[in-house]
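Peer 1:
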Amino acid sequence: MGSSPTPGTRICFSNMSSKKKSKNKIERTLVIIKPDGLAKSLTGNILTALSETKLIIVGAKIMKVPKKLAEKHYENLKKEKPKIFKEAVKYLCGHYHNTNRVMALVYQGEKAVSKIRKICGATNPEEAKPTTIRGRYGRINSKTQVFENVIHASDSIQQAKKEIKLWFKPNELARTKK
Ligand code: ADP
Numbered sequence: 655m656g657s658s659p660t661p662g663t664r665i666c667f668s669n670m671s672s673k674k675k676s677k678n679k680i681e682r683t684l685v686i687i688k689p690d691g692l693a694k695s696l697t698g699n700i701l702t703a704l705s706e707t708k709l710i711i712v713g714a715k716i717m718k719v720p721k722k723l724a725e726k727h728y729e730n731l732k733k734e735k736p737k738i739f740k741e742a743v744k745y746l747c748g749h750y751h752n753t754n755r756v757m758a759l760v761y762q763g764e765k766a767v768s769k770i771r772k773i774c775g776a777t778n779p780e781e782a783k784p785t786t787i788r789g790r791y792g793r794i795n796s797k798t799q800v801f802e803n804v805i806h807a808s809d810s811i812q813q814a815k816k817e818i819k820l821w822f823k824p825n826e827l828a829r830t831k832k
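Numbering-wise, the numbering used here comes out as the position in the sequence shown, counting from 1, plus 654.
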């Protein structure tokens, strides 16, 4: 009774559903467990922490990082912070650890980019919240001053699209709408 609209009242259902749709947009994001993460046997701990996001993994592989790939990955740093660029490339290629492997993953789901970034924490492990992955496991290398922060995660949807293309072939990613 009280819920029936008065004559002439317009209820715009289509607008409501389009708003809901844009809110629920599925994103993908790239995660790399860096060489220090593997050298310290942190893979399991990191994957457990990331599973708190309830996102799904649609791609995963262990790989050696060629210098060219690392340079392309960090190309944004090249102009802004050339010294850090050089060190970050060496770090990603495994020069500072006993392993040259990384684990690359693609996570998918609603707000995947921001959810993963939040759980990773700030770039500087000393500034990252202690409960985040970087806060828990990262350190500053006293020789190189590089932030050894054990994990990379894309920082925007646009960057994620670029990075996923760089690290994964389309047939290495599972196709699912979930
Ligand atoms: P993020 O990895 O949080 O997206 P950036 O893309 O700016 O941050 O930097 C890439 C990587 O380079 C960082 O994860 C870190 O390992 C290293 N790095 C960045 N800035 C610094 C810095 N000021 N001092 C030392 N290492 C840094």
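C-beta: ideal position from N, C-alpha, C; glycine also.
By DSSP's criteria, T683 is part of a beta bridge. Which residues make up the other side?
Peer 2: Partner(s): Y761.
Peer 1: Measuring alpha carbon to alpha carbon, tell me which of L746, P824, E764 and N699 ends up nearest T785.
Peer 2: Here the closest residue by C-alpha is N699.
Peer 1: Taking the CB atoms as reference points, tell me whether Y761 and T798 lie closer together than 8 Å.
Peer 2: The answer is no: Cβ separation not under 8 Å.
Peer 1: Closest to T707 by C-alpha separation, out of C774, L692 and V756, would be which residue?
Peer 2: The shortest Cα separation from T707 among C774, L692 and V756 belongs to C774.
Peer 1: With respect to the alpha helix (DSSP H) encompassing H749, which residues constitute its N-terminal and C-terminal limits?
Peer 2: Premise fails: H749 is in no alpha helix (DSSP H) and is neither H nor E.
Peer 1: What does the alpha-carbon distance come out to for the pair L746 and N678?
Peer 2: The straight-line gap from Cα to Cα measures roughly 33 Å.
Peer 1: If you follow the beta strand (DSSP E) that V767 is part of, which residue opens it and which one closes it?
Peer 2: Looking at the DSSP string, V767 is not in any beta strand (DSSP E); the run it does join, the alpha helix (DSSP H), is A766 to C774.
Peer 1: Would you mind working out which of R755, R682, H727 and A714 sits nearest E690, comparing C-alpha positions?
Peer 2: The residue you asked about is not Glu; residue 690 is Asp in the sequence shown. Out of R755, R682, H727 and A714, R755 has the C-alpha closest to the C-alpha of D690.
Peer 1: Taking C-alpha atoms, which residue in H727, S705, S695 and T777 lies nearest to N752?
Peer 2: Nearest of H727, S705, S695 and T777 to N752, Cα basis: S695.
Peer 1: Put A807 into one of helix, strand or coil per three-state DSSP.
Peer 2: Three-state result, A807: strand.
Peer 1: Do you know how far the Cα of L684 is from the Cα of V767?
Peer 2: Distance between the alpha carbons of V767 and L684 is about 8 Å.
Peer 1: According to DSSP, what are the bridge partners of I710?
Peer 2: DSSP output for I710 lists Q762 as bridge partner(s).
Peer 1: Counting along the chain, where does the alpha helix (DSSP H) carrying L827 start and finish?
Peer 2: Looking at the DSSP string, L827 is not in any alpha helix (DSSP H), and its letter there is neither H nor E.
Peer 1: Looking at I606 and the ligand ADP, is the gap between the Cβ and the nearest heavy atom below 7 Å?
Peer 2: For the chain, the structure presents residues 655 to 832; residue 606 sits outside this window and is missing.
Peer 1: Looking at the ligand ADP, does it come within less than 7 Å of N693, judged from the CB to the closest heavy atom?
Peer 2: The amino acid occupying residue 693 in the given sequence is Ala; Asn does not appear at that position. Not under cutoff, so the answer is no.
Peer 1: Quick one: Cα of I770 to Cα of L704, how far?
Peer 2: Between I770 and L704, the C-alpha separation is close to 7 Å.
Peer 1: So the alpha helix (DSSP H) A703 belongs to, where does it begin and stop?
Peer 2: Unbroken alpha helix (DSSP H) run through A703: T697 to S705.
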